[in-house]
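Numbering (numbering that gives the first Met the number 0), first residue to last: 0 to 588. Don't be surprised by glycine CBs; every beta carbon is placed ideally from N, CA and C. Beneath this line is the structure, given in structure tokens, with notes to follow.
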Amino acid sequence: MKNFLKYVLATITGIIIVSILFMVVMLASLSVMMVSGDKTTSITDNSVLVLKAGVNIPDKGSKNPYSGIDIINMTVTPAPGLNEILQNLKKAASDDKVKGVLIENGMIPPGWATTEELRDGLKKFRESGKFVIAWSDYLMIQEGYYLSAAADKIYINPSSTVDFKGLSGEILFYKKALEKLGVEVQVIRHGKFKGAVEPYILDRLSPENREQILTYVGSIWSHVLNNISADRGIPVEKLNSIADNLTGYVAQGAFESGLVDGLLYHDQLIDTLKVRSGLTPDDKIALVPMHKYTKVPESKKTPFQKNKISVVYASGSIVNGKGNENNIGGDAFRDVIRKERKDSTVKAIVLRVNSRGGSAIASDMIWRELELAAKDKPVVISMGNYAASGGYFIAAPGTKVMASPTTITGSIGVFGLIPNTGKLMEQKLGVTYETVETNSNSDFPSVYRSMNTVEKEAMQRSIEVIYSDFVNKVSAGRKMTFNEVDSIAQGRVWSGSDAMRIGLVDSFGGLTDAVAEAGRLAGLEAWSLRELPVSEDPFLKMISQFGAEIKNKILKNELGEFERIFDDLREIRDFSGIQARLPYYIELH
Numbered sequence: 000m001k002n003f004l005k006y007v008l009a010t011i012t013g014i015i016i017v018s019i020l021f022m023v024v025m026l027a028s029l030s031v032m033m034v035s036g037d038k039t040t041s042i043t044d045n046s047v048l049v050l051k052a053g054v055n056i057p058d059k060g061s062k063n064p065y066s067g068i069d070i071i072n073m074t075v076t077p078a079p080g081l082n083e084i085l086q087n088l089k090k091a092a093s094d095d096k097v098k099g100v101l102i103e104n105g106m107i108p109p110g111w112a113t114t115e116e117l118r119d120g121l122k123k124f125r126e127s128g129k130f131v132i133a134w135s136d137y138l139m140i141q142e143g144y145y146l147s148a149a150a151d152k153i154y155i156n157p158s159s160t161v162d163f164k165g166l167s168g169e170i171l172f173y174k175k176a177l178e179k180l181g182v183e184v185q186v187i188r189h190g191k192f193k194g195a196v197e198p199y200i201l202d203r204l205s206p207e208n209r210e211q212i213l214t215y216v217g218s219i220w221s222h223v224l225n226n227i228s229a230d231r232g233i234p235v236e237k238l239n240s241i242a243d244n245l246t247g248y249v250a251q252g253a254f255e256s257g258l259v260d261g262l263l264y265h266d267q268l269i270d271t272l273k274v275r276s277g278l279t280p281d282d283k284i285a286l287v288p289m290h291k292y293t294k295v296p297e298s299k300k301t302p303f304q305k306n307k308i309s310v311v312y313a314s315g316s317i318v319n320g321k322g323n324e325n326n327i328g329g330d331a332f333r334d335v336i337r338k339e340r341k342d343s344t345v346k347a348i349v350l351r352v353n354s355r356g357g358s359a360i361a362s363d364m365i366w367r368e369l370e371l372a373a374k375d376k377p378v379v380i381s382m383g384n385y386a387a388s389g390g391y392f393i394a395a396p397g398t399k400v401m402a403s404p405t406t407i408t409g410s411i412g413v414f415g416l417i418p419n420t421g422k423l424m425e426q427k428l429g430v431t432y433e434t435v436e437t438n439s440n441s442d443f444p445s446v447y448r449s450m451n452t453v454e455k456e457a458m459q460r461s462i463e464v465i466y467s468d469f470v471n472k473v474s475a476g477r478k479m480t481f482n483e484v485d486s487i488a489q490g491r492v493w494s495g496s497d498a499m500r501i502g503l504v505d506s507f508g509g510l511t512d513a514v515a516e517a518g519r520l521a522g523l524e525a526w527s528l529r530e531l532p533v534s535e536d537p538f539l540k541m542i543s544q545f546g547a548e549i550k551n552k553i554l555k556n557e558l559g560e561f562e563r564i565f566d567d568l569r570e571i572r573d574f575s576g577i578q579a580r581l582p583y584y585i586e587l588h
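If you want it as structure tokens, here you go:
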């Protein structure tokens, strides 16, 4: 017993000491970051800018100096946003110290539309005469390869592989699992193609859903193939054969088929970069991370411009209330857009949408403010990876709508979903309940019983009204008739290419193009950019999210590949009211 207590006391003491040391190190690191966060930096001659492509790339980079801190692994990995990367490429093109760009591929897909914009930025950089080399030490995923095709040369490790196989849309179905748990999912919807609820009420794809997935996946793949063919000089027919036979899964096969230009170890890659930079093997070359180059000032300072273009980033699910930095709060975005509308120095607004939708009510609130803004000044919509359902709802009043050919958009439809957990509670858990009410349906909506006829009819009426309103607003914004919009709506999902063909999008282009178009529509020759929403105080944010971040990190590590299933089921719980939301998570592999 004495030894046991001794070991317990030693363990507790060790935990306390480690915790104190951890907090001291963290506070010291944070203090350094606070002091140096806004300072400019410089780079040496013979530098190569490194673009890490296999990581999550948000549309807007965070100004929070703590955003790159991984509490669990005790690492700091700043992640610049797409806006910062594109600006860095433009800046580096005229920077004599930067000789070229190295694309380092990784395992996390940034999204097809994001990849498209990065490709455009790299091609503009190459117009300066500087080189772009792509390389992968491990697996080069398809989006990484598509990005790499915009480079001068592509190299992989001799033991690496190129994951070039075509696209597939993967959907998980939970109907049988929910039935075993005793959960009934009650659905009210409008739209032949509104497949958002199918994973919870079916065990396979409906014919309509299969049709739409095959259509937009085929459209995106065709666009990707044509661009790779032009970049690499490989016929589309041969590229499809390479994909069918998984030729790239052996490094030598990837080389012999023309997918890559050579097989290099890291030291050989460095030698190649030196040669391309005009250096000797003994010379030093500096590899500059993208986040560091963000702090390098422009060689020529831009004169102050009173006239502004406001870029409002709308990323994540559309939710009621204020929301947070990871979603689109109806109240918060209404206030932001209203302020920009009333600011006389703001001559145009660019709304960057990267959302699968969400709350129909919050979407309508944002739509109203954008409609009012469009009457006073140009409102240009820039669509990212997703601008679907509620994401398209808020885009509808735009003066001009721009998207990537690989954007997922449309999904003009609505649904209501209420889970009935009565059987789970009573038969599985032994929990019973009683309700005391003043009227027939005072407890509506209840998650402990099935909806009755009156409740179903009320939900259906509400769905129909919101759907008609949705179509009418798209009709007004796109200058189309109700029937024309209805024929391409019904909840159907479209690729950006098809969306432009049917009139939901005006032109192709990324965020940079949208800003330029906003300036043109406003009649401006020069302007300053204001990026919104403004991030909250970084220190307070870190404190408030400290516990949540640890919980999420632990959960993610424990769930592993099953995290996606957990997120899908958690969405059922979080559905609030009638939704204008894209069908499930679409993962195009």
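Closer than 8 Å to chain B by CB, K152: Absence of chain B from the displayed structure is noted, only one protein chain being present.
Ranges of the beta strand (DSSP E) found wholly within the stretch 132-161, counting only runs of at least 3: Within the stretch 132-161, the complete beta strand (DSSP E) runs of at least 3 residues are 152-155.
Short Cβ contact (8 Å threshold) for L520 with K374: Not closer than 8 Å, so no.
CA nearest to the CA of A133, picked from K152, L371, D119, E169: For the residues K152, L371, D119, E169, the minimum Cα distance to A133 belongs to K152.
Continuous beta strand (DSSP E) assignments of at least 3 residues falling wholly in the stretch 353-378: Under the rule that a run must span 3 or more residues, the beta strand (DSSP E) segments found entirely inside the stretch 353-378 read 356-358.
Rounded straight-line distance, which links the Cα of L510 to that of V352: One Cα belongs to V352, the other to L510, and the distance between them is close to 10 Å.
Backbone secondary structure at R477 - three-state DSSP: Helix.
Closest Cα partner of K650 within the set G476, L85, T420, Y154: Residue 650 falls outside the range modelled here, since the chain spans only 0 to 588, and no answer is possible.
Local conformation of I501 per DSSP, three classes: When secondary structure is reduced to three states using DSSP, I501 falls in the helix class.
N- and C-terminal bounds of the alpha helix (DSSP H) containing W111: That run of the alpha helix (DSSP H) goes 111-125.
Nearest-angstrom beta carbon gap, L138 and S309 [assumed within contact, 8 Å]: Between S309 and L138, the beta carbon gap of about 40 Å keeps them out of contact (Cβ cut-off 8 Å).
Cβ neighbour criterion (16 or more within 10 Å) applied to M458: M458 is buried by the Cβ-count criterion.
Cβ contact (3+ pairs, closer than 8 Å) linking the stretch 400-412 and the stretch 483-490: Verdict: yes, contact present.
Three-state secondary structure assigned by DSSP to S439: The DSSP-derived three-state label of S439 is coil.
Nearest to N156 (by Cα), restricted to the options K338, Y145, V196, I269: When only C-alpha atoms are compared, the closest one is I269.
E83 versus D58, K98, V100, residue with shortest Cα-Cα distance: Closest option to E83, Cα to Cα, is D58.
I269 (DSSP reduced to helix, strand or coil): Three-state result, I269: helix.
Burial state of E324 (16 or more Cβ within 10 Å): The residue is buried, with at least 16 neighbouring Cβ atoms inside 10 Å.
Residue environment, V318, which counts as buried when at least 16 other CB atoms sit within 10 Å: The residue in question, V318, is buried, as its Cβ has 16 or more Cβ neighbours within 10 Å.
Alpha-carbon spacing of M289 relative to N87, whole angstroms: Each residue's Cα considered, the two are about 8 Å apart.
Other residues of its chain near S496: CB distance less than 7 Å, five sequence neighbours each side excluded: The beta carbon of S496 lies closer than 7 Å to those of S218, H222, P404 in the same chain, with the five residues before and after it left out.
DSSP-derived helix/strand/coil call for G328: Residue state, collapsed to three classes: strand.
CA nearest to the CA of A52, picked from N45, T43, G80: When N45, T43, G80 are compared, the shortest CA-CA separation from A52 is found for G80.
Those residues which DSSP pairs with W493 across a bridge: The bridge partners DSSP lists for W493 are T408.
Reference N226; option with closest CA among A148, F172, D334: Comparing alpha-carbon positions, the option among A148, F172, D334 lying closest to N226 turns out to be A148.
4-residue-minimum alpha helix (DSSP H) runs that sit fully inside the stretch 167-251, ordered along the chain: Counting whole runs of 4 or more residues, the stretch 167-251 contains the alpha helix (DSSP H) stretches 174-180, 197-200, 206-231, 235-243.
Where the beta strand (DSSP E) through R529 begins and ends: In the DSSP assignment, R529 falls within the beta strand (DSSP E) that extends over 527-531.
Whole-number beta carbon distance between I348 and K376, since they are thought to touch under 8 Å: Correct: roughly 7 Å between the Cβ atoms.
Beta-carbon proximity of K321 to G328, cut-off 8 Å: The answer is yes: Cβ separation under 8 Å.
Other residues of its chain near N506: CB distance less than 6 Å, five sequence neighbours each side excluded: Inspection of the sequence shows that residue 506 is occupied by Ser rather than by Asn. Listed in chain order, the non-local C-beta contacts of S506 below 6 Å within the same chain comprise M401, local neighbours out to five positions each way being set aside.
Coarse secondary structure for E46, derived from DSSP in three states: According to the sequence shown, residue 46 is Ser rather than Glu. Judged by DSSP in its simplified three-state form, S46 adopts strand.
Three-state class that DSSP yields for Y385 in the structure shown: Residue state for Y385 is assigned as strand, using DSSP reduced to three classes.
Separation of P280 from V492, as counted between CA atoms: Going from the Cα of V492 to the Cα of P280 covers about 53 Å.
Continuous beta strand (DSSP E) stretch holding I308: start and end: Here the beta strand (DSSP E) through I308 covers 307-314.
Three-way DSSP call (helix, strand, coil) for M424 in this model: Of the three classes helix, strand and coil, the one that applies to M424 here is helix, per DSSP.
Cα-Cα separation, A498 to R477: Approximately 12 Å between the Cα atoms of the pair.
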